[in-house]
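Undergrad: One structure coming up, written as structure tokens, with questions to follow.
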Amino acid sequence: MQGRNALVYAAVQRIPRGRVATYGQIAQMVGLGGLARQVGYALNALPARTAVPWHRVINARGQISLRRVIGAEIEQRIRLEAEGVRFNAAGRVSLADFGWVAGQAQVRRRGRRRPSRGSR
DNA sequence: GCAATGACGCTCT
DNA sequence: CAGAGCGCCATTG
């Protein structure tokens, strides 16, 4: 356990309830640049029972990243839906609607605010 | 110490 | 929009 991991966990805990963040977002937040993979690796080292809301972290596609254990994917989705996060038919989350923007505690999301990036 | 693997992301097709 | 390829770095055998 390095201080880097603790930094990642701290950033994840800052994610508001009912909102999700991407691995790359967390990576940039803790100063890892675009090393999203290391964020995922750090979360992988997380104990089974933890106060860190790891389920609020998804990939840039707005989809839940599968782990070695299949059941985890379902658990993550259930926990997110319990917080109000909605999944579309493809099983993906609209980052434009539920994506957490640092510094923006509450987003009103009146229509699409950031069409530049698209949902690609 | 080298090689393979992985909770990812971006770009091209 | 979906799939495939390449790159990034830490952990593990």
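Under my numbering, read the first sequence as residues 35 to 154, first letter to last. In this text, a Cβ means the ideal position worked out from N, Cα and C, and glycines have one as well. Since this is a predicted model, take the numbers as computed values, not measurements.
Drop a sphere of 10 angstroms on the beta-carbon of Pro-149, count the other beta-carbons inside from all chains shown, and report buried for 16 or more, exposed for fewer.
TA: The sequence position of residue 149 within the first sequence is 115, counting from 1. Note on Pro-149: pLDDT 49, under 50, position unreliable in the model; the coordinate value appears next. Flag for Pro-149 reads exposed.
Undergrad: Could you name the residues that DSSP lists as bridge partners for Gln-97?
TA: Residue mapping note: residue 97 aligns to position 63 of the first sequence, counting from 1. Gln-97 pairs with Arg-126.
Undergrad: So what's Val-91 in DSSP terms, helix, strand or just coil?
TA: Position 57 of the first sequence holds residue 91. Looking at Val-91 - three-state DSSP - the assignment turns out to be strand.
Undergrad: Just grab the DSSP bridge partners of Thr-56 for me.
TA: Residue mapping note: residue 56 aligns to position 22 of the first sequence, counting from 1. In DSSP, Thr-56 forms a bridge with Ile-92.
Undergrad: Tell me where the alpha helix (DSSP H) around Leu-41 begins and ends.
TA: Locating residue 41 in the first sequence gives position 7, counting from the first residue. Counting along the chain, the alpha helix (DSSP H) containing Leu-41 begins and ends at 37–47.
Undergrad: Within 10 Å of its beta-carbon, does Arg-90 have 16 or more other beta-carbons around it, so buried, or fewer, so exposed?
TA: Mapped onto the first sequence, residue 90 falls at position 56. Arg-90 should be labelled buried.
Undergrad: Pop quiz: Ala-55 and Ala-61 are said to be a contact at Cβ under 8 Å. What is the actual Cβ separation, rounded to whole angstroms?
TA: Your numbering for residue 55 matches position 21 in the first sequence. Your numbering for residue 61 matches position 27 in the first sequence. Not confirmed; about 10 Å, so no contact.
Undergrad: Could you please give the first and the last residue of the uninterrupted alpha helix (DSSP H) stretch that includes Ala-76?
TA: Against the first sequence, residue 76 aligns to sequence position 42. Where Ala-76 is concerned, the enclosing alpha helix (DSSP H) stretches over 70–78.
Undergrad: At the level of alpha carbons, what is the spacing between Asn-93 and Ser-99?
TA: The sequence position of residue 93 within the first sequence is 59, counting from 1. The sequence position of residue 99 within the first sequence is 65, counting from 1. Whole-angstrom Cα-Cα distance: 6 Å.
Undergrad: If you draw a straight line from the C-alpha of Asn-39 to the C-alpha of Glu-107, how long is it?
TA: As a position in the first sequence, residue 39 is number 5, starting the count at 1. As a position in the first sequence, residue 107 is number 73, starting the count at 1. Rounded to the nearest angstrom, the two C-alpha atoms are 22 Å apart.
Undergrad: Take the Cβ of Arg-154 as the centre, count every other Cβ of all protein chains shown within 10 Å, and call the residue buried at 16 or more, exposed below.
TA: Locating residue 154 in the first sequence gives position 120, counting from the first residue. Low confidence applies here, because Arg-154 scores a pLDDT of 40, under 50, leaving its location unreliable; read the following figure in that light. Answer is exposed; the Cβ neighbour count stays below 16.
Undergrad: Please say whether Asp-131 and Arg-120 have beta carbons closer to each other than 9 Å?
TA: Here the question's residue 120 lines up with position 86 in the first sequence. Here the question's residue 131 lines up with position 97 in the first sequence. Cβ distance < 9 Å, so Arg-120 and Asp-131 count as in contact.
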